[in-house]
């Protein structure tokens with residue numbers, strides 16, 4: 001039986017500035033720290049009708065890779081997704097929000113943040129053009145699967161997520177992204 005979200009104990013975590021600063025450290029040298037805030041909402045387990053997601057704000061003062069195109073594009077979509085996903089994973093570890101992250105330490109996450117998280121499927125749709133300077137976004141985890149190591153394969157965590165972005169001028173885009181986390185910490 002699927003439980004209604006209203007019936008689940010909902011926990012809301014405002015932006016953790018220290019954690020956000022640490023999550024964005026790999027982006028600092030390239031001057032592409034786009035995520036400015038992220039409010040995480042956890043309500044039960046995503047596999048049981050619950051929700052794990054974040055409502056975010058972004059600021060892109062200038063593109064890190066190209067002259068100003070005047071609009072939000074697929075490269076920026078991907079960078080913003082990565083920043084939301086990394087923050088949501090780090091917050092899940094820190095607050096023990098959902099398995100398997102509740103068994104990890106932050107140090108274990110930092111070690112894996114860049115080296116062991118791979119996008120395996122990426123679909124983005126741009127409904128209407130966004131200006132791409134100041135805008136909002138959100139991410140929701142649709143599914144988390146975890147496999148232990150066997151003789152045939154290494155241990156693996158798979159996340160399936162949905163995200164969307166919008167601006168005040170009516171611009172909108174959304175996507176579905178799957179990511180694999182290789183080398184997860186042993187239980």
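Residue numbers (full-length UniProt numbering): 1 to 187.
Each residue gets a CB set at the ideal place from its N, CA and C atoms; glycine is no exception.
Predicted model, so just to flag it, every value in this text is computed and none were measured.
One Cα belongs to residue 176, the other to residue 124, and the distance between them is close to 7 Å. Excluding the 5 residues flanking it on each side, residue 14 has same chain C-beta neighbours closer than 6 Å at 39, in chain order.
Annotation for residue 94: no beta strand (DSSP E) segment contains it, though the alpha helix (DSSP H) segment containing it runs 74-95.
As DSSP reads the structure, residue 59 sits in a beta bridge with 134. With contacts defined by Cβ atoms closer than 8 Å, residue 57 and residue 127 do not form a contacting pair. Annotated three-state conformation of residue 174 is strand, per DSSP.
Contact check for residue 108 against residue 35 fails: the beta carbons are separated by 8 Å or more. Here the alpha carbon of residue 52 sits roughly 21 Å from the alpha carbon of residue 21. Inclusion of residue 43 and residue 138 in the CB contact set at 8 Å is not warranted, their separation being larger than that value. For residue 122, the uninterrupted beta strand (DSSP E) run begins and ends at 117-128, by DSSP. In the DSSP assignment, residue 36 falls within the beta strand (DSSP E) that extends over 35-43. The Cβ atoms of residue 100 and residue 184 sit closer than 8 Å to each other. With fewer than 16 other beta carbons inside 10 angstroms of its own, residue 186 counts as exposed.
By DSSP's assignment, residue 54 forms a beta bridge with 40, 139.
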